[in-house]
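Quick note, my numbering runs 256 ahead of the 1-based positions in the sequence shown. Here's the structure we're looking at; comments come further down.
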Amino acid sequence: MTAPVIHWFRHDLRLADNPALSAAVASGAPLIAVFILDETTPGAWAPGAASRWWLHGSLAALDRTLRRRGGALTLRRGPALEALMKIVRETGARQVTFTRGYGPHAAPQEAAIAEELGRDGVACRRFGGALLFEPEAVATKDGRPFRVFTPFHKATRALEISAPVPAPAAIHPPSRAPDSDVLDDWALLPTKPDWSGGLRESWNPGEEAAKTRLEAFLSDAMERYGTDRDHPGTAGTSRLAPHLHFGEIGPRQCWHRIRHAMDAGGGRDVGAAAFLRELVWREFSTHLLHHWPSLPDRPFRDDFERFPWRDDDASRAAWQRGQTGYPIVDAGMRELWHTGWMHNRVRMVAASFLIKHLLIPWQRGEAWFWDTLVDADLANNAANWQWVAGCGADAAPYFRIFNPVLQGQKFDADGAYVRRWVPELSKLPDKFIHQPWAAPAAILAAAEVSLGDTYPQPIVDHAAARQRALAAVAQIRASSGGGTEPRSTCL
Ligand code: FAD
257 MTAPVIHWFR HDLRLADNPA LSAAVASGAP LIAVFILDET TPGAWAPGAA SRWWLHGSLA
317 ALDRTLRRRG GALTLRRGPA LEALMKIVRE TGARQVTFTR GYGPHAAPQE AAIAEELGRD
377 GVACRRFGGA LLFEPEAVAT KDGRPFRVFT PFHKATRALE ISAPVPAPAA IHPPSRAPDS
437 DVLDDWALLP TKPDWSGGLR ESWNPGEEAA KTRLEAFLSD AMERYGTDRD HPGTAGTSRL
497 APHLHFGEIG PRQCWHRIRH AMDAGGGRDV GAAAFLRELV WREFSTHLLH HWPSLPDRPF
557 RDDFERFPWR DDDASRAAWQ RGQTGYPIVD AGMRELWHTG WMHNRVRMVA ASFLIKHLLI
617 PWQRGEAWFW DTLVDADLAN NAANWQWVAG CGADAAPYFR IFNPVLQGQK FDADGAYVRR
677 WVPELSKLPD KFIHQPWAAP AAILAAAEVS LGDTYPQPIV DHAAARQRAL AAVAQIRASS
737 GGGTEPRSTC L
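Listed below in structure tokens is the structure:
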């Protein structure tokens with residue numbers, strides 16, 4: 257009897273373009289498909305509440321897909337090494353395949369597993385598949401990792417992106433399937449209270465749904481992506497981020513599908529090119545995390561360790577609940593709470609508001625997003641929070657302070673986004689929808705808005721908050737020997 261092979265599913269919850277799974281199937285041995293819920297690694301970022309909700313749906317979908325091809329998903333709880341060794345002992349498997357990870361604990365964990373299993377004569381085979389380019393393949397001329405996006409992007413242009421591999425047509429299970437935990441027993445879904453109604457309305461986890469979403473993006477939004485992607489009131493982006501994060505679709509699948517559509521249209525599709533560039537931003541974040549594992553916890557720029565942050569629980573709570581009195585910020589925070597997702601433009605404005613208007617450490621915002629985003633991704637979340645804070649590798653300058661009123665007027669000119677998520681302001685005319693405090697009393701009354709009652713007054717004054725933020729950055733620059741006063745830009 258041939259000894260089985262284990263494919264250890266991690267952030268690769270798909271059958272198509274999964275080189276590690278394909279190699280396991282190609283070995284000809286009976287396949288044991290395993291997912292291990294490992295929440296035991298000290299210091300690791302355990303999945304947040306919205307991610308746990310997604311994971312439940314994604315595992316259920318993966319099991320259904322495997323069963324349609326003759327297999328099934330075995331669920332076990334971690335530590336991963338112990339769980340894998342136990343399955344090896346139970347089944348006599350001689351091989352384990354998996355897709356490599358890039359977080360701070362991934363490489364040491366993978367090395368320890370390979371070593372331990374190797375001692376028992378079990379071969380561990382590690383594959384790529386989560387990225388377009390492995391971190392080792394993109395480096396500066398002197399072999400160092402890039403810190404800045406533009407040269408990184410340029411360097412990737414010279415690299416080939418191989419074609420995705422098809423899903424295995426059939427899966428041969430072992431004669432006796434190993435015992436599996438019951439997914440419901442993992443309690444990944446919220447119960448009391450069940451806050452996930454908005455997530456259920458908005459999302460459909462799983463590989464099939466990911467493919468459907470990519471096709472919908474291609475037919476409905478890609479052409480206008482270059483401009484619409486900045487307008488939160490339109491469905492102008494792909495919403496593929498959670499599917500990509502959980503590996504329900506691979507970046508190579510997206511890349512080649514979009515390139516194919518571009519070629520069919522003569523190769524001049526501005527929207528498609530802009531989308532491919534965003535996929536490279538995703539690569540860049542992961543490369544940063546791979547090379548600088550402290551990215552989620554510590555500022556990339558050391559001088560920000562001395563930043564005079566404020567601990568202000570009341571303001572932080574107002575930000576989390578969408579009660580800051582700045583409509584575009586509140587709309588974003590409420591969209592996040594309801595759907596587990598927030599539009600990228602509004603993420604930037606809301607993050608900037610927390611960091612610069614409230615002087616609350618970026619790590620607090622990062623942790624809130626981690627818990628509430630269905631696409632919470634260690635690399636993308638950390639890199640983007642650091643970018644907004646101005647302390648990242650390739651960051652927006654700290655003195656660039658988003659003006660939430662101007663941002664709203666520019667990117668949500670008719671107020672459609674604010675009206676949807678802050679319905680108590682929906683009757684205000686466009687002119688005042690992003691600054692209700694500027695509306696004359698008669699207009700507020702006609703719109704049934706009572707500031708401080710039906711909707712909050714701004715919790716900080718923009719001009720004063722901006723000055724305070726600039727003074728704070730001047731303080732760290734002075735203490736680090738920088739001298740010149742930062743130039744203020746208001747966007
Ligand atoms: P699209 O516009 O359709 O983009 C396609 C894909 O490109 C995305 O799915 C994503 O994988 C990638 N991408 C797009 N923008 C970025 C970016 N700025 N950085 C890295 N990759 C990008 N993205 C996450 O996936 N997880 C996070 O936890 C996360 N946290 C963020 C926190 C802040 C403060 C900010 C400003 C941005 C964050 N982003 C994060 C990046 C971006 O907002 C989301 O990727 C995007 O909004 C997801 O929606 P979409 O799939 O429709 O994106």
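Backbone N, C-alpha and C define an ideal beta-carbon position, used for all residues, glycine too.
Residue i in three-state terms, based on DSSP
i	result
residue 263	strand
residue 382	strand
residue 538	helix
residue 329	strand
residue 291	strand
residue 418	coil
residue 650	coil
residue 521	coil
residue 575	helix
residue 358	coil
residue 739	Residue confidence is low: residue 739 scores 40 on pLDDT, short of 50, so the model does not pin down where it sits. Its coordinate-derived value is still stated next. In this structure, residue 739 counts as coil in the three-state DSSP scheme.
residue 268	coil
residue 600	helix
residue 401	coil
residue 514	helix
residue 580	coil
residue 667	helix
residue 487	coil
residue 531	helix
residue 505	coil
residue 428	coil
residue 566	coil
Endpoints, alpha helix (DSSP H) assigned at residue i
i	result
residue 412	405-413
residue 716	First-last for residue 716: undefined, no H or E at that position.
residue 347	336-347
residue 641	634-645
residue 372	362-375
residue 324	305-324
residue 501	497-501
residue 687	686-689
residue 609	Run containing residue 609: none; DSSP gives neither H nor E here.
residue 467	463-476
residue 699	697-702
residue 594	583-595
residue 299	Run containing residue 299: none; DSSP gives neither H nor E here.
residue 453	453-458
Bounding residues of the beta strand (DSSP E) (the contiguous stretch that carries residue i)
i	result
residue 625	Unbroken run through residue 625 is the alpha helix (DSSP H), 618-628; no beta strand (DSSP E).
residue 351	351-355
Residue of the options minimising C-alpha distance to residue i
i	options	result
residue 350	378, 325, 337, 283	378
residue 325	275, 389, 312, 426	426
residue 569	621, 467, 362	621
residue 678	592, 724, 615, 600	592
residue 341	290, 716, 699, 602	290
residue 494	520, 465, 521	465
residue 507	367, 421, 634	421
residue 344	617, 323, 373	373
residue 547	394, 366, 690	394
residue 599	613, 674, 573, 670	674
residue 337	526, 262, 328, 277	262
residue 316	704, 411, 440	440
Identity of the residues DSSP links to residue i by a beta bridge
i	result
residue 707	711
Min CB distance residue i to chain C below 7 Å
i	result
residue 405	Absence of chain C from the displayed structure is noted, only one protein chain being present.
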